[in-house]
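Notes for the one structure printed next.
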Amino acid sequence: MLLYAMLAGSIVAAGVVMTILTVFYKSPASENRQLREERSRPSGASDFRKRWVLNALLSLGLVGGLTYGLYPYLFAEGPASLTRIALEGLAMLALYDFFYYLVHRYPFHEWKVLRSVHAVHHVVKTPSAADSLYLHPIETTLGLSLVWVCTGLVVVVAGPMSIYSFGWAFFVYSMLNVVIHSGLRLPAFPFAPINYLTERHQKHHVGMNAKNYSSVTPTFDLLFGTEVRSS
Ligand SMILES: [Zn+2]
Ligand SMILES: [Zn+2]
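Here my numbering is used: the first residue of the sequence shown is 1, the next is one more, and so on.
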């Protein structure tokens with residue numbers, strides 16, 4: 001039960017942050033904080049709402065279903081050392097960062113079938129936080145499933161993962177997914193690292209060949225020469 005409570009807490013927190021950032025982005029007060037001037041999108045408000053609701057419900061179902069179905073194989077309850085909690089969470093996020101980079105760069109950007117799936121997300125050229133849920137449902141399913149696949153890989157090596165490790169790593173994953181779409185330059189202190197991730201993802205949305213594929217850290221873009229800093 002505790003793990004479900006932690007995951008629900010992460011989802012609620014991400015939803016609150018998404019709402020605040022989106023409302024601020026749409027208000028005149030954000031004029032000097034927008035990374036790029038907002039561009040209109042080809043699809044209308046009702047299409048956005050339909051996709052948003054579909055993906056929000058699908059995400060809730062997948063998070064609940066994957067956790068419920070895989071709980072006996074992946075997770076350990078009970079006390080765990082802070083070192084273990086830190087390392088397991090970091091290992092899962094590092095694996096996710098690597099595999100998401102590969103999936104995003106090749107199937108989503110180069111392979112014909114999934115490129116058309118991912119193109120839905122790229123319709124938005126100047127995203128705001130709510131656009132983190134403007135996706136094809138296949139992309140939502142693949143992206144979320146990858147979190148549990150990476151958890152499984154950690155479990156294969158290190159044994160069942162503490163629910164606390166997964167709890168904080170899922171919080172970071174959910175929150176980053178929202179804030180990198182904010183389209184906003186927040187005050188440098190304390191948000192400079194977030195601003196960096198947001199700016200590079202904003203550049204990624206400019207087109208299907210804009211690079212900057214990774215989302216948690218820029219590590220694999222830097223390693224494989226796909227990091228783009230200039231506008
Ligand atoms: Zn992309
Ligand atoms: Zn995006």
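Ideal placement from N, C-alpha and C gives every residue a C-beta, glycine not left out. None of these values were measured; they are calculated from a predicted model.
Query	Result
For LEU184, three-class secondary structure by DSSP	strand
Reduced DSSP category for ALA76 - H, G, I as helix; E, B as strand; rest coil	strand
Among GLY89, ARG41 and PHE171, nearest to MET6 - alpha-carbon criterion	PHE171
Assigned secondary structure, SER10 (DSSP; H/G/I helix, E/B strand, else coil)	helix
Identified DSSP bridge partners for MET161	PHE75
First through last residue of the alpha helix (DSSP H) which encompasses TYR100	82-105
Euclidean distance between Cα positions of VAL188 and ASN195	Sequence inspection shows Ala at residue 188; the Val mentioned does not correspond to that position. Cα to Cα, ALA188 sits roughly 8 Å from ASN195.
Inside the stretch 176-222 only - alpha helix (DSSP H) runs reaching at least 4 residues	188-204
N-terminal and C-terminal residue of the alpha helix (DSSP H) that LEU133 is part of	Premise fails: LEU133 is in no alpha helix (DSSP H) and is neither H nor E.
Whole-angstrom distance between ARG39 and TYR71, CA atom to CA atom	43 Å
HIS204 beta carbon near ligand 1 (any heavy atom closer than 7 Å)	yes
Contact under 8 Å by Cβ, ARG54 with PRO127	The question names Arg, but residue 54 in the sequence shown is Leu. No; because the gap between Cβ atoms is not below 8 Å, this pair is not in contact.
Option in TYR4, GLY15, LEU66 and GLY9 with minimal Cα separation from LEU133	GLY15
Close beta carbons around LEU66, own chain, < 6 Å, minus the five adjacent residues each side	TRP148
Cβ-heavy atom distance, PHE224 to ligand 1, below 7 Å	no
Any non-hydrogen atom of ligand 1 closer than 7 Å to PHE48 Cβ	no
Short Cβ contact (8 Å threshold) for LEU35 with GLU199	yes
Nearest neighbour of LEU90, chosen from PHE75, SER165 and GLY159 [CA to CA]	SER165
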